[in-house]
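Residue numbers (the working numbering): 50 to 230. So the structure is just underneath, and the comments pick up after that.
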Amino acid sequence: MVDITVFQEVFYTAGALSVIVASVYYTITLRGNQRNFKHTLETRQAQLLMGLFQAFWDKDNSRSLTNVFSQTWDTPDEFWERLRDDTNLYADYSHMLRYFDSIGYLVRSGFLDSRQVYDILDGGRPFILMWGKYGDLIRSRRVTEGASYAVNLEYIYGEMIRLRGLNGEPVVAHHSGEKIG
50 MVDITVFQEV FYTAGALSVI VASVYYTITL RGNQRNFKHT LETRQAQLLM
100 GLFQAFWDKD NSRSLTNVFS QTWDTPDEFW ERLRDDTNLY ADYSHMLRYF
150 DSIGYLVRSG FLDSRQVYDI LDGGRPFILM WGKYGDLIRS RRVTEGASYA
200 VNLEYIYGEM IRLRGLNGEP VVAHHSGEKI G
C-alpha cells in the first residue's frame, strides 16, 4: 500500500514544477512581446520620420522655403511690416516656422532622434539656415509673443550645430553669413 505522504510529495512537486514551467513560459512570452513592441515602435518612428520629410521635400514646401530664405531686410520692423502686407510671405513664413518648430518639438520630446533628423536633412542645414536668418527676429518677437515662441526651432538648431561640431563639419549658418562659436 502507498503511503499518503508520498502522494502529497508527488502533488507538491508537480505543483511546484507547473509553477516553474509557467514562469519560464511567461518570461519567454514577455521577452517576445518586448521585441515585438520595440520593432513596432521603431517602425512607427520611421514612418513618422519619413512622413515628415516627404512632406518637407514637397514642391509647395520647397517654394515656401525658397520664398522665406530669399527675403532680405534692413531692420526687423521692415520685415514685420512686409510680413503683415504680403499674405503669401506670411503664409510661407508661418508654415515653415511652425513646421521646423514642430520637428524641434518631436526631437526635444524624444519622438524623433536628432541624429536621424541630421542625417536625413543634409546635416541639419535647413534648421541652421532658418535660425541663422530669422533667429534675431524670433528672439525679438518673444517680447510680444511669449517666451515659448519658436523655442523648439531654437532647440533643434542647437542640436544640429552640436552634431555638426561632433562630425567635424563647418559650424556655419550657410548662406546667412552667421558664424557660430
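Glycine included, every Cβ here is placed at the ideal spot set by N, Cα and C. Computed from a predicted structure; not experimentally measured.
The alpha-carbon of Asp134 is positioned some 10 Å away from that of Phe128. If you check the CB distance, Gly159 and Met209 do not come in under 9 Å. Look at Leu170 here: in three-state DSSP terms it is coil, with no helix or strand label. Proximity of the segment 138-150 to the segment 88-97 falls short of the contact definition, fewer than three beta-carbon pairs being nearer than 8 Å.
Taking the C-beta atoms as reference points, Val166 is found nearer than 9 Å to Leu98. As the crow flies, the alpha-carbon of Ile205 is around 11 Å from that of Asp162. With fewer than 16 other CB atoms across the displayed protein chains lying within 10 angstroms of its CB, Tyr139 is exposed. With a contact defined as Cβ atoms closer than 8 Å, Leu202 and Leu155 miss out at about 12 Å.
Within the segment 60-146, complete alpha helix (DSSP H) segments of at least 4 residues are found at 108-118 and 125-134, given in chain order.
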